[in-house]
Amino acid sequence: MAKNMIADLLASVKKADGGIAMSINDFKEAQFGIPLKHYCLQYLFGSTGLRYGGFYLMAGKPKSCKSPFAFFLAHLCCENEGISFLYELEGKASPTLIYSMFSDHEDWLDGSGPFQILTGLTLDGAEKHLTEKVLKNFKKAEAYDTPLMIDWDSISGAATEDVTGKLEGGEVVSKGFFSKAHIMKHFSENWVGLRGLLPVVFVGVLQEKEKVSDGARSPFAAAQKSYGGGDSQLFKAGTLLSFSLMGQLPNGNGKIVRIKTALNGFADARQIEAKFTWDQFGDLEEESQGHKWQFAEATARCLAAPKIVGNLRDIIDVKMNDQGLVTCKQFGLDKVTPEEFETALFAPENDATLDDLYKYHKIERIKLPSEYPEFVAKRSNTAAAAKEAEKAEKKAEQEARVAAEKAKEAAKQEKREAKARKASAASSMKALKELAKGAADANSNSHPQDAD
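The working numbering applies: residue 501 is where the sequence shown begins, and numbers increase by one.
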């Protein structure tokens, strides 16, 4: 009895308006996203890809390479047959940098390319354009086979319409932080509803600042960090990455950047160090300055110098020499480049080793964009079937109510007719009695002598 009641309850819950109920295994399997092709990034995020519906924030002080990292993620989206929109909200993005990071695909550089830059918008203007144009059109097109990445760079440095209007009107303008916090609060809190089932990832760039002690805390306590756009966006962020500039490369053609997870709802706190390099003096025949992240090297260092060596050395034994060459006995590699090592790491013949690494580092597997349309279709069919079942159930309930009303009315009619028949019979009996009495009276009046 109890099991039947639970089954009936679950069946009714699965018809929840605007959503669908899932088992734990169903939910675990329903993780899709843009694949991260470097192991160090998979380790950093705690997953093999950027999850669809993800709300990712990148924070750090100026010149800590937040924007180049966001551009790299946008490049990944485009590599996977997706579209990336950069909302350039500060007016200081480097054309040289963007061109350099995307020039490996010439067909991406013109107006029909998958990477588009939107300029001249305020923060509230960006929100309006994203919700009313981009997301609405994607939903209308049902483009579930096309990953979409949105990059707001930056939220902290963006203008707002109210402040801009006051400046143009010659009014005194107070600090615009609260206006940005208001915009980001309502945008981030409604992101799930705005996104729906779209294969979209949101990336927001923030400026990181430090607040001085407010006096209530210990004077020796570390300064608190703050971010333009308020705290609500932090509560909604699945991942907040913090960027720190560790130093310049000795030859001056790059930076060493530490990236750590200040917040991560999907894994524990992690960090990597990676080089972002460029050609200090470019080739005269090449317009690009070759800006790129050295993530293959970061992968090798991530595995060569772990904090906990124990079981990891049994899975994979990685060593790096002073020249940056990698040795790995499991793969039969001796003093190869980091790129060669990472290629071997992801080679099909080493899937077992990679699987053990994922288990050891607690990295979740995210399904590929190519698998997502089938999931949406199945979910849509399930939702449609649930709606049809609900409609059929409502129809059956309505028909049952109508039948009950008809039966009730028929019973009432039967009672009325029975009552009428009874009344008719009583009336007929009364009439007969009256006729009999009348006849008797008449007979008595016609023979009065009999009474003497």
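C-beta atoms are modelled at their ideal positions from N, C-alpha and C, and glycine is treated no differently.
If you're wondering where the values come from, they're calculated on a predicted model, not measured in any experiment.
Residue j beta carbon less than 7 Å from that of residue i
i    : j    : result
F555 : A737 : yes
Y858 : F532 : no
C540 : I772 : yes
T548 : I866 : yes
L825 : V701 : no
A570 : V705 : yes
G546 : F766 : yes
G730 : I655 : no
E577 : I534 : At residue 577 the sequence reads Cys, which differs from the Glu that was named. Their beta carbons are under 7 Å apart, which means C577 touches I534 by this criterion.
A559 : Y727 : yes
D624 : I683 : yes
H861 : L597 : no
G752 : Q780 : yes
M820 : A804 : yes
V692 : D651 : no
Residue i versus residue j - alpha carbon distance
i    : j    : result
K937 : E917 : 29 Å
Q913 : K933 : 30 Å
D645 : P869 : 7 Å
A955 : E708 : The chain is shown only over 501 to 952; residue 955 falls outside these bounds and no answer can be derived.
Q823 : L544 : 25 Å
R695 : L635 : 7 Å
G754 : S567 : 15 Å
V474 : Q794 : In the structure as shown, the chain begins at 501 and stops at 952. Residue 474 is therefore absent and cannot be evaluated.
A641 : T827 : 49 Å
D653 : L589 : 6 Å
A903 : P647 : 52 Å
K685 : V757 : 30 Å
M849 : Q830 : The sequence given here places Glu at residue 849; Met does not occur at that position. Rounded to whole angstroms, E849 to Q830 spans 12 Å at the Cα level.
D952 : A940 : The predicted position of D952 is uncertain, since its pLDDT is 47 and thus under 50; a value taken from the coordinates is nonetheless stated next. Distance between the alpha carbons of D952 and A940 is about 18 Å.
M501 : E893 : With a pLDDT of only 48 at M501, under 50, the local geometry of the prediction cannot be trusted, and no value is derived from it.
I863 : Q542 : 7 Å
F687 : T799 : 35 Å
S924 : A900 : 35 Å
M601 : I617 : 14 Å
M649 : Y587 : 11 Å
L763 : Q724 : 15 Å
L536 : G582 : 14 Å
A774 : K666 : 43 Å
F743 : K895 : 58 Å
S584 : D662 : 28 Å
L935 : K915 : 29 Å
L812 : A796 : 19 Å
P614 : V836 : 34 Å
L557 : T664 : 25 Å
K922 : S944 : 32 Å
A910 : K919 : 14 Å
L854 : P806 : 16 Å
Where the alpha helix (DSSP H) through residue i begins and ends
i    : result
K859 : 851-861
F795 : 795-804
D645 : Looking at the DSSP string, D645 is not in any alpha helix (DSSP H), and its letter there is neither H nor E.
K628 : 623-629
A641 : 635-641
G620 : Where G620 is concerned, there is no enclosing alpha helix (DSSP H), given that its DSSP letter is neither H nor E.
L694 : 691-695
Span of the beta strand (DSSP E), counted from its first residue to its last, around residue i
i    : result
Y536 : Note that residue 536 corresponds to Leu in the displayed sequence, not to Tyr. That residue, L536, is in no beta strand (DSSP E); it is neither H nor E in DSSP.
S523 : S523 -> no beta strand (DSSP E), and no H or E assigned at all.
K666 : It is not in any beta strand (DSSP E) - K666 instead sits in the alpha helix (DSSP H) that spans 661-668.
R551 : 549-551
S732 : Segment 732-736 is the alpha helix (DSSP H) holding S732; no beta strand (DSSP E) there.
K725 : 724-727
8 Å contact criterion, which residue i and residue j should meet: CB distance rounded
i    : j    : result
F846 : L833 : That belief does not hold up - the Cβ atoms of F846 and L833 are roughly 13 Å apart, past 8 Å.
T622 : A593 : No, T622 and A593 are not in contact; Cβ-Cβ is about 16 Å, not under 8 Å.
T761 : L741 : 6 Å
F875 : A530 : 7 Å
L745 : S564 : 5 Å
T660 : K628 : Not quite, the Cβ-Cβ distance comes to about 12 Å (not below 8 Å), so this is no contact.
I520 : R879 : 6 Å
S732 : E689 : 6 Å
Beta carbon proximity, residue i to chain B, threshold 7 Å
i    : result
I756 : Within the model displayed, chain B is absent; a lone protein chain is all it includes.
Q: Would you list, in sequence order, the uninterrupted beta strand (DSSP E) runs of no fewer than 3 residues that lie entirely inside the stretch 556-614?
A: Listed in chain order, the beta strand (DSSP E) runs fully inside the stretch 556-614 are 583-588, counting runs of at least 3 residues.
Q) Counting only runs that start and end within the stretch 812-853, where is the alpha helix (DSSP H) found for 4 or more residues in a row? A) 838-845
Q: Report the residue ranges of all beta strand (DSSP E) runs contained in full by the stretch 747-791; include only those spanning at least 3 residues, in chain order.
A: 754-764, 771-777
(Q) To test your reading of the DSSP string, which unbroken beta strand (DSSP E) runs of 3 or more residues are found completely within the stretch 869-938? (A) none
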